[in-house]
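A.B. asks: Quick one: structure below, then a few questions.
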Amino acid sequence: MQSIDQNLVREAFLREGFIFPLDAMTATQAAGYRHRFDSLEGALQEAKIAHNGQLNQMHAVLCFVNEIVRNERILDAVEAVLGPNILVWGSTFFIKKPHTADYVSWHQDLRYWGLRDSDALVSAWLALGPVNKANGCMKFMPRSHQLGLVDHEDKFNVDNLLYRGQVAQVDVDEADAVHVELEPGQFSLHHGHLLHASPANPSDIMRCGLTINYVAPHNRQIVASRDFAMLVRGEDRSGHFGAVPEPEADLSPAALHWHRCLIAALDEAAFAGVEARLRP
Ligand SMILES: O=C(O)CCC(=O)C(=O)O
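Position one of the sequence shown corresponds to residue 502 (my numbering), numbered consecutively onward.
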């Protein structure tokens, strides 16, 4: 595995708005995590924990996800962007089963998250299986983070994996897009203003990825009335986010309680201004 060169990560991230591929773990370790995900699928369904078709905030309820968000190599790369104090604000499994229509429209993450500081957020996307053009990998629009926040239109398309089916109102030239192909155990980093999207998965191979949203402690929630995050490196002297504890067991009652708190905060920000009838 290649080591993380923090100067290179920071430079590329600031210039292009993303960097990949970076190595988080071996393919064997990734396969182990993937096995744990697959074996928990039934329990996740039983706990009715999928939300709006997504598996959000899994670091609060699953021990192996709590382990992944603390991966030293991912944190070294994130530190190159955020500095030494790092909190996990969100985590989501973005799953595309074989031959399904699920897709993600061109969007910027920070449009509906209610977070104030774009330079105090970075998202890591970790491949827990092969991720390529054939099974619907992400596409990044280089340097689009320099546009700042652009308008989005809510489309609420059922096949769109985004909360509001939001679509960035900019002309995107697909020819300029960079395909984020990753081997199992590799990850990408992207900026909260970077335009990105992904098509459906018409292949026989499931696309399985975990996205982790890291914030620096000085960031702030300015739309929802409360917000929460989990300290994973350094210290939090700001106290802007309620402290989320590590799950002591998969889907334990305490972990599920914290998960409900995180989802309530996320919903309050993500659905702000949306009519009740359009919410899930
Ligand atoms: O997994 C995908 O295709 C999209 C993920 C995404 O939008 C994100 O991680 O910010």
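Glycine included, each C-beta is placed from N, C-alpha and C at the ideal position.
Considering only heavy atoms of ligand 1 and the C-beta of each residue, which residues fall inside 6 Å, strictly closer?
C.D. replies: For ligand 1, the selected residues are Phe595, Val605, Asp610, Ser624, Trp626, Met639, His697, Ser699, Gly710 and Thr712.
A.B. asks: Identify whether Tyr613 lies in helix, strand or coil by the three-state DSSP scheme.
C.D. replies: Tyr613: helix per DSSP, three-state reduction.
A.B. asks: Report buried or exposed for Lys656, applying the criterion of at least 16 other Cβ atoms within 10 angstroms of its Cβ.
C.D. replies: So Lys656 ends up on the exposed side.
A.B. asks: Using a Cβ distance threshold of 8 Å, determine whether the segment 547 to 565 contacts the segment 754 to 763, with at least three qualifying pairs required.
C.D. replies: Enough Cβ pairs lie closer than 8 Å, so yes.
A.B. asks: Which runs of the beta strand (DSSP E) fall wholly inside the segment 647 to 723 and span at least 3 residues, in chain order?
C.D. replies: Listed in chain order, the complete beta strand (DSSP E) runs (minimum 3 residues) inside the segment 647 to 723 are 653 to 655, 667 to 669, 687 to 692, 697 to 699 and 708 to 716.
A.B. asks: Give me, in chain order, the residues of the same chain whose beta-carbon lies closer than 7 Å to that of Val651; leave out the 5 immediate sequence neighbours on both sides.
C.D. replies: Answer for Val651: Gln609, Ala669, Gln670 and Val671, listed in chain order.
A.B. asks: State the DSSP-derived secondary structure class of Val605, mapped to helix, strand or coil.
C.D. replies: Reduced to three states, the DSSP call for Val605 is strand.
A.B. asks: Could you check where the beta strand (DSSP E) with Ala730 kicks off and where it finishes?
C.D. replies: Per DSSP, Ala730 belongs to the beta strand (DSSP E) from Phe729 to Arg734.
A.B. asks: In chain order, what are the residue ranges of uninterrupted alpha helix (DSSP H) at least 4 long that sit wholly in the segment 552 to 607?
C.D. replies: Correct list: 564 to 569 and 573 to 583.
A.B. asks: Determine the contact status of Leu817 and Ala625, defining contact as a CB-CB distance below 8 Å.
C.D. replies: As shown, the chain starts at 502 and ends at 781. That puts residue 817 outside it, with no answer to give.
A.B. asks: What residue range does the beta strand (DSSP E) around Leu622 cover?
C.D. replies: Segment Leu622 to Ala628, the beta strand (DSSP E) holding Leu622.
A.B. asks: Pair every Cβ in the segment 591 to 603 with every Cβ in the segment 702 to 712, then say whether three or more of these pairs are closer than 8 Å.
C.D. replies: Contact holds: three or more Cβ-Cβ distances are below 8 Å.
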